[in-house]
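Engineer:
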Amino acid sequence: MNALFYISGAVAVLSTIMVITRLNAVHALLYMIVSLFSVALIFFTLGAPFVAALEVIIYAGAIMVLFVFVVMMLNLGSRAAIQERQWLSPSMWPGPTALALILMVELIYILKRGGPALTGIQAVAPKHVGVSLFGLYLLGVELASILLLAGLVGAYHLGRRNPAREGKGGP
Amino acid sequence: MASVLIGHGLLFAGILFALGLIGVLVRRNIIFILLSVEIMLNAAGLAFVVAGSRWGQPDGQVMFIFILTMAATEVSVGLALVLQLYHQVKSLDVDAASQMRG
Numbered sequence: 014m015n016a017l018f019y020i021s022g023a024v025a026v027l028s029t030i031m032v033i034t035r036l037n038a039v040h041a042l043l044y045m046i047v048s049l050f051s052v053a054l055i056f057f058t059l060g061a062p063f064v065a066a067l068e069v070i071i072y073a074g075a076i077m078v079l080f081v082f083v084v085m086m087l088n089l090g091s092r093a094a095i096q097e098r099q100w101l102s103p104s105m106w107p108g109p110t111a112l113a114l115i116l117m118v119e120l121i122y123i124l125k126r127g128g129p130a131l132t133g134i135q136a137v138a139p140k141h142v143g144v145s146l147f148g149l150y151l152l153g154v155e156l157a158s159i160l161l162l163a164g165l166v167g168a169y170h171l172g173r174r175n176p177a178r179e180g181k182g183g184p
Numbered sequence: 003m004a005s006v007l008i009g010h011g012l013l014f015a016g017i018l019f020a021l022g023l024i025g026v027l028v029r030r031n032i033i034f035i036l037l038s039v040e041i042m043l044n045a046a047g048l049a050f051v052v053a054g055s056r057w058g059q060p061d062g063q064v065m066f067i068f069i070l071t072m073a074a075t076e077v078s079v080g081l082a083l084v085l086q087l088y089h090q091v092k093s094l095d096v097d098a099a100s101q102m103r104g
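Here is the structure:
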């Protein structure tokens with residue numbers, strides 16, 4: 014079972030190297046999603062299933078979608094269609110697909126095998142995490158909610174288009 | 003055996019953090035800089051979870067949830083800034099925004 018840990022770690026390092034060396038933002042995002050999936054598998058093999066699920070749902074699901082939205086928004090215009098065709102060229106697919114296939118084989122193996130004992134490390138159940146989060150760390154949860162509110166207000170304020178300053182800006 | 007695994011987990015976290023740091027230092031496209039910051043935050047969270055699983059306590063996972071919250075806030079504000087930068091200087095190059103103009 015340790016092999017699963019090392020394979021997903023190798024996939025994480027490899028895909029992260031690909032992220033920081035890509036020239037195209039969408040290609041980098043593809044590799045970034047693979048990297049997050051492999052980190053989620055590392056969490057799972059280390060006995061943290063709840064955090065593994067959060068990694069997939071929030072990091073790969075929500076934060077990366079924000080990145081994709083912004084990348085798509087920045088390329089409105091006449092050359093957008095040509096660029097989109099370049100991004101989705103089949104020559105780009107094999108890399109992330111191969112890495113994701115490795116992760117999928119690992120996942121199927123884990124599901125077939127079943128059982129909680131993965132690496133000899135005792136798994137921490139989501140229940141314990143919840144009890145700790147809303148008991149000992151309750152103040153931290155409140156602070157996090159204030160941080161999220163501040164982030165919401167800040168993002169709304171910064172993201173607003175200001176027509177008066179639009180004309181003056183630009184090189 | 004488990005402690006060896008923990009050591010290698012921390013090693014992976016260190017490698018990922020170093021890769022994110024290299025990304026921040028090398029790339030000049032602001033989207034890649036934000037992505038590299040995400041990689042670094044993710045690596046820090048990985049270190050917390052590894053350390054938490056070493057002792058079988060939920061504290062590491064709780065800390066990861068806080069890091070996740072912070073990363074989500076940071077990326078939403080950061081991407082709003084990216085949009086604003088693109089509208090102002092028509093470029094994603096951070097060097098193009100090196101001077102302030104009130």
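Just so you know, the protein sequences line up as chains A and B, in that order.
Numbering of the first sequence is given in our numbering, commencing with residue 14 and proceeding in unit increments.
Numbering of the second sequence is given in our numbering, commencing with residue 3 and proceeding in unit increments.
For glycine and all other residues, C-beta sits at the position ideal for the given N, C-alpha and C.
Since this is a predicted model, take the numbers as computed values, not measurements.
1) If we cut at 7 Å on Cβ distances, does A39 of chain B have a partner in chain A?
2) Which residues in the same chain have their Cβ closer than 6 Å to the Cβ of F80 of chain A, if we skip the five residues on either side of it in sequence?
3) Determine the burial state of S100 of chain B: buried for a count of at least 16 other Cβ atoms within 10 Å of its Cβ, exposed for fewer.
4) Quick check: does the Cβ of F50 of chain A come within less than 6 Å of any heavy atom belonging to the ligand COA?
5) Does any CB atom of chain A fall closer than 7 Å to the CB of V96 of chain B?
6) Please list, in chain order, all residues of the same chain as L94 of chain B whose beta carbon is under 8 Å from its beta carbon, the five residues on each side excluded.
7) Which chain A residues are close to G9 of chain B, counting only those with a beta carbon under 9 Å from its beta carbon?
8) Quick one: does G16 of chain B have its CB under 7 Å from some CB of chain A?
9) Nearest chain A C-beta to L70 of chain B closer than 7 Å, yes or no?
10) Quick check on S51 of chain A - is its C-beta less than 7 Å from some C-beta in chain B?
11) Between I121 of chain A and Q90 of chain B, what straight-line distance do the alpha-carbon atoms span, to the nearest angstrom?
12) Suppose contacts are defined by Cβ-Cβ distances below 7 Å. Is F19 of chain B in contact with M42 of chain B by that definition?
13) Any beta carbon from chain B within less than 7 Å of V39 of chain A's own beta carbon?
14) Alpha carbon to alpha carbon, how far is A73 of chain B from L161 of chain A?
15) Are there 16 or more other CB atoms within 10 angstroms of the CB of N37 of chain A, so buried, or fewer, so exposed?
16) Can you grab the Cα-Cα spacing for the pair M117 of chain A / F66 of chain B, in whole Å?
17) Within the continuous alpha helix (DSSP H) that includes Y44 of chain A, where are the two ends?
Structural biologist: Looking at the atomic coordinates:
1) On the second sequence, position 37 is the one that residue 39 of chain B refers to. Here residue 39 of chain B is Val; the residue named in the question, Ala, does not match the sequence. Chain A contact via Cβ: absent.
2) Locating residue 80 of chain A in the first sequence gives position 67, where the first residue counts as 1. Within the same chain, F80 of chain A has close Cβ partners L42.
3) Against the second sequence, residue 100 of chain B aligns to sequence position 98. With fewer than 16 other Cβ atoms within 10 Å, it is exposed.
4) Judged by which ligands are present, the structure shown has none, so any question about the ligand COA falls away.
5) Mapped onto the second sequence, residue 96 of chain B falls at position 94. The C-beta of V96 of chain B comes no closer than 7 Å to any C-beta of chain A.
6) As a working mapping, residue 94 of chain B is identified with position 92 in the second sequence. N31, I32, I33, V84, L87 and Y88, listed in sequence order.
7) For the purposes of this step, residue 9 of chain B is identified with residue 7 of the second sequence, where counting begins at 1. Correct list: empty, because the minimum Cβ distance to chain A is about 12 Å.
8) Working through the second sequence from its first residue, we reach residue 16 of chain B at position 14. Cβ-Cβ to chain A under 7 Å: no for G16 of chain B.
9) Within the second sequence, the letter at position 68 stands for residue 70 of chain B. Yes, contact with chain A.
10) Indexing the first sequence from 1 puts residue 51 of chain A at position 38. Interface with chain B (7 Å Cβ-Cβ cutoff): S51 of chain A is excluded.
11) Looking up residue 121 of chain A in the first sequence gives position 108. Looking up residue 90 of chain B in the second sequence gives position 88. Looking at the two C-alpha atoms, the distance is approximately 48 Å.
12) To locate residue 19 of chain B, count along the second sequence from 1; it is residue 17. To locate residue 42 of chain B, count along the second sequence from 1; it is residue 40. Inclusion of F19 of chain B and M42 of chain B in the CB contact set at 7 Å is warranted, their separation being smaller than that value.
13) Within the first sequence, residue 39 of chain A is the residue found at index 26, counting from 1. Chain B contact via Cβ: absent.
14) Taking the second sequence and counting its residues from 1, the one referred to as residue 73 of chain B is at position 71. Taking the first sequence and counting its residues from 1, the one referred to as residue 161 of chain A is at position 148. Those two C-alpha atoms are separated by around 10 Å.
15) Start at 1 with the first residue of the first sequence, and residue 37 of chain A comes out as number 24. Exposed, since its Cβ has fewer than 16 Cβ neighbours within 10 Å.
16) Counted from its first residue, the first sequence places residue 117 of chain A at position 104. Counted from its first residue, the second sequence places residue 66 of chain B at position 64. Roughly 24 Å separates the two Cα atoms.
17) For the purposes of this step, residue 44 of chain A is identified with residue 31 of the first sequence, where counting begins at 1. Where Y44 of chain A is concerned, the enclosing alpha helix (DSSP H) stretches over A38 to T58.
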